[in-house]
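Q:
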Amino acid sequence: MEVALKIDVDTHQGLELGVPRLASMLASEGVAASFYIAMGPDNSGRAILRVFRNRGFLSKMFRTSAVSMYGARTILSGTILPSRPIALSFPGIIRDLKAHGFEIGVHGYDHVRWQDQLDKIGESGIRNELGDAFEAYRAILGEAPRSFAAPGWRTNDAALVALDAMALDYRSDTRGIAPYRCIVQGRVLATPEIPTTLPTLDEVMGRRELPDDGAVRDFFLTLCKPDALNVHTIHAETEGMGQLEGFTALVRGLKQRGAKFVQLREVAARLNRAELPVCEVIRTTLPGRAGWISSQAPVRIASE
Ligand SMILES: [Zn+2]
């Protein structure tokens, strides 16, 4: 069983507090992981407010206790309090991650803008988001990024094409079953897409059949396929903070089952691009998640 831990860092607080805790736990467990960091401002307060405005998700916010999970400063970031930079506030933490052998990729620039307005900002807006994010990464690590993971698993044709032109080693923008190449308006893109294959903790938290940490851990252990690459996205703000204990138990459970932890760059390096399935990227919804996400469509037959 192979497991790739994809750790998304969406907020200032997640990078400041969640990332060091996760890195230290993973290092002491001897487990590899890949971190994807939002490089720009923390406007997460805007996203949380938007969720509150949407009455259907009020109960979810209470269920997942957003205030205790994110903290009041994060909830107000970009609303009545100014937004704080995420990556550029903590270059030392990011360099430390790299020094300890963790993989680091780009998780967009303004996470909230990308997630909420991707289709509105147009090609030039997308290019600006990518340009600013890649510049911040280079400023911190002194090298060009090799991978990108879309905020909120949201992408569109313009983003896919713009990212393909950057000739990255891979992207991880979507949900899906296994690595593939995207087809956009009849054109097969070069960059492999390595999708997240498992649900996230916040999508399943609070389900009646998962009353405690042990049940949640067993649920994820059951979902991991023994004969496949399992890509599990976690969040620095969640598994790195309030849910660290439960996540540690999951990591140990996976180790006991003989899981091999791989970084996504290792997966990308062994992919034969010519042999990858070609799939469209479609929009769908997931239980427990607000709004749409991008997903791998069923494989296209080559002769079509
Ligand atoms: Zn994110």
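For what it's worth, the working numbering labels the leading residue of the sequence shown as 185, then goes sequentially. Heads up, the beta-carbon is just placed ideally off N, CA and C, and yes, glycines get one too.
Is His284 near ligand 1, in the sense that its beta carbon is under 8 Å from a heavy atom of that ligand?
A: For ligand 1, not one heavy atom lies less than 8 Å from the Cβ of His284.
Q: Take Val345 and list the residues in its own chain whose beta-carbon comes closer than 7 Å to its own, dropping the five residues that flank it on each side.
A: Same-chain partners within the cutoff: Val368.
Q: Taking 8 Å as the cut-off, is the beta-carbon of Ala222 closer than that to any non-hydrogen atom of ligand 1?
A: Checking the Cβ of Ala222 against ligand 1 gives yes.
Q: In chain order, what residues of the same chain have a beta carbon less than 7 Å from the beta carbon of Pro559, not counting five sequence neighbours either side?
A: Since the displayed the chain opens at 185 and closes at 488, residue 559 lies outside it and no answer follows.
Q: Assign Lys304 to one of two classes, buried (16 or more other C-beta atoms within 10 Å of its C-beta) or exposed (fewer than that).
A: With fewer than 16 Cβ atoms within 10 Å of its Cβ, Lys304 is classed as exposed.
Q: What is the DSSP secondary structure of Lys409, counted as helix, strand or coil?
A: Note: Lys409 maps to coil in three-state DSSP.
Q: Using only CA atoms, which one of Leu438, Phe445, Pro410 and Asp397 lies nearest to Gln427?
A: Nearest option by C-alpha distance: Asp397.
Q: Along the chain, where does the alpha helix (DSSP H) containing Gly306 start, and where does it finish?
A: That run of the alpha helix (DSSP H) goes Gly306 to Leu325.
Q: Is Pro335 near ligand 1, going by C-beta to nearest heavy atom under 8 Å?
A: Pro335: yes, Cβ under 8 Å from ligand 1.
Q: Here's a check: name, in chain order, each residue in its chain whose Cβ is nearer than 6 Å to the Cβ of Ala342, leaving out the five neighbours to either side.
A: Counting only Cβ-Cβ distances below 6 Å, and skipping sequence neighbours, we find Glu307 and Ile310.
Q: Can you tell which of Val187, Leu434 and Pro376 has the C-alpha that lies nearest to the C-alpha of Arg355?
A: Residue Pro376 is the option with its Cα nearest to Arg355.
Q: Using CA coordinates, which residue listed in Gly326, Asn414, Val372 and Gly437 is at the minimum distance from Val400?
A: Per the Cα distances, Gly437.
Q: With Leu189 as the anchor, note down where its beta strand (DSSP E) starts and where it stops.
A: Note, Leu189: beta strand (DSSP E), Glu186 to Val193.
Q: Which of the three DSSP states is assigned to Gln480 in this structure?
A: Strand.
Q: Glu287 bridges to which residues according to DSSP?
A: According to DSSP, Glu287 bridges with Ser218.
Q: Which residue wins for smallest C-alpha separation from Met350, given the options Arg297, Gly276 and Leu373?
A: The shortest Cα separation from Met350 among Arg297, Gly276 and Leu373 belongs to Leu373.
Q: If we count the other Cβ atoms within 10 Å of its Cβ and call it buried at 16 or more, is Asp357 buried or exposed?
A: Buried is the call here.
Q: Would Ala207 and Asp294 be called neighbours here (beta carbons separated by less than 9 Å)?
A: No, they are not a contact pair.
Q: For Ala283, collect the residues of the same chain with a Cβ closer than 8 Å to its Cβ; drop the 5 residues on either side in sequence, then sort them by chain order.
A: Hits under 8 Å: none found.
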